[in-house]
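Counting from 1 along the sequence shown, just add 15 to a position and that's the residue number in this note's numbering.
Using N, Cα and C, we set each Cβ at its ideal position, and we do this for glycine too.
In this text, all values refer to a predicted model and were calculated from it rather than measured experimentally.
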Amino acid sequence: MVKIVVPFFGYILMRLLWHTSRKSFHFESELTQGQYVYVCWHGELFMSPQAYRYLHKTQSAAAMISHHFDGELIARVYAFLGISSMRGSGRKGAKEVFFKAFRAIKEGKEILLTPDGPRGPRHYMHDGAAALALKSKLPVCIINFTCDHYWQLNSWDRFVIPKPFSNIEFHIKPLNLEGMTLEDAKKYLSAKMLEDTII
Numbered sequence: 016m017v018k019i020v021v022p023f024f025g026y027i028l029m030r031l032l033w034h035t036s037r038k039s040f041h042f043e044s045e046l047t048q049g050q051y052v053y054v055c056w057h058g059e060l061f062m063s064p065q066a067y068r069y070l071h072k073t074q075s076a077a078a079m080i081s082h083h084f085d086g087e088l089i090a091r092v093y094a095f096l097g098i099s100s101m102r103g104s105g106r107k108g109a110k111e112v113f114f115k116a117f118r119a120i121k122e123g124k125e126i127l128l129t130p131d132g133p134r135g136p137r138h139y140m141h142d143g144a145a146a147l148a149l150k151s152k153l154p155v156c157i158i159n160f161t162c163d164h165y166w167q168l169n170s171w172d173r174f175v176i177p178k179p180f181s182n183i184e185f186h187i188k189p190l191n192l193e194g195m196t197l198e199d200a201k202k203y204l205s206a207k208m209l210e211d212t213i214i
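The following block contains the structure:
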């Protein structure tokens, strides 16, 4: 029951706060046609996926999500946004979901993931996002946001929930990682994601 009720009311709250906020979008460079690997920090999941769907109303997309309980709740919220989920946890599960994502890209889907998920540390760049972008030869697109009034939960990811009628600024950054080593790509992506985020 919790797995049904919590995501439903969570989604309603997300949409309510989305529609009562004042939003602006800042593009570091033009979003070209074609697929991207979209990333945001785990603590930004309340708004960044909504921004993705606002920018791409009909694009087929899939999110890489853990098998943890909170992952199940997130997956159900994503479903309300028309975003499918690929589940995996642990070393073996992570490897399986990586190959699922690679197949989804070949099917024309865009991929959404949180580089510091599912359990942190907060704002730590795990291999997943950079490795997937390098393997698939797709650019990455960051969706960060900042806002003037918000609640911040006492969770490992310091989850951010904008307050009603707040001003939200979305920072959209397309990046090309091609030709970089995995470690260089991770450092570059991490630095760009930390430029515009709520600390």
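Output the distance between the C-alpha atoms of residue i and residue j, rounded to the nearest integer angstrom.
i, j, result
"Glu-111", "Gly-103", "7 angstroms"
"Phe-61", "Pro-133", "15 angstroms"
"Thr-47", "Phe-113", "25 angstroms"
"Lys-124", "Tyr-51", "9 angstroms"
"Phe-42", "Asp-211", "12 angstroms"
"Glu-87", "Glu-59", "17 angstroms"
"Phe-117", "Ser-151", "7 angstroms"
"Val-21", "Trp-33", "18 angstroms"
Going along the chain, which residues of its own chain have a beta-carbon closer than 6 angstroms to the beta-carbon of residue i, five neighbours each way excluded?
i, result
"Ser-100", "Ala-78, Ile-80, Ala-90 and Tyr-93"
"Trp-166", "Ile-176"
"His-57", "Thr-129, Asp-131, Gly-132 and Asp-172"
Is residue i close to chain B? Criterion is C-beta to C-beta, closer than 8 angstroms.
i, result
"Pro-133", "Annotation note: the requested chain B is absent from the structure, which comprises a single protein chain."
Short of 8 angstroms in beta carbon distance, which residues of its chain neighbour residue i, apart from the five on each side in sequence? Order them along the chain.
i, result
"Asp-142", "Leu-197 and Lys-201"
"Trp-44", "In the sequence on display, residue 44 carries Ser and not Trp. Hits under 8 angstroms: Lys-188 and Pro-189."
"Lys-207", "Ile-157, Lys-188 and Leu-190"
"Arg-137", "Trp-56, His-57, Gly-58, Asp-131, Trp-171, Asp-172 and Arg-173"
"Ser-36", "Cys-162, Pro-177, Pro-179, Phe-180, Ser-181, Asn-182 and Ile-183"
Excluding the five sequence neighbours on either side, which residues of its own chain have a C-beta within less than 7 angstroms of the C-beta of residue i, listed in chain order?
i, result
"Val-155", "Tyr-51, Val-52, Val-54, Ala-144, Ala-148, Leu-190, Leu-192 and Leu-204"
"Gly-194", "none"
Tell me residue i's beta-bridge partners as DSSP assigns them.
i, result
"Pro-22", "Pro-22 is not bridged to any residue."
"Trp-166", "Ile-176"
"Pro-189", "Cys-156"
"Ile-183", "Lys-38 and Cys-162"
"Ile-80", "Arg-102"
Can you name the start and end residues of the beta strand (DSSP E) that residue i belongs to?
i, result
"Ser-36", "No beta strand (DSSP E) holds Ser-36; DSSP gives it neither H nor E."
With residue i as the anchor, note down where its alpha helix (DSSP H) starts and where it stops.
i, result
"Ser-205", "197-210"
Length at least 4, wholly inside the stretch 45-78: the alpha helix (DSSP H) runs in chain order: 63-70
Continuous alpha helix (DSSP H) assignments of at least 4 residues falling wholly in the stretch 94-152: 105-121 and 143-151
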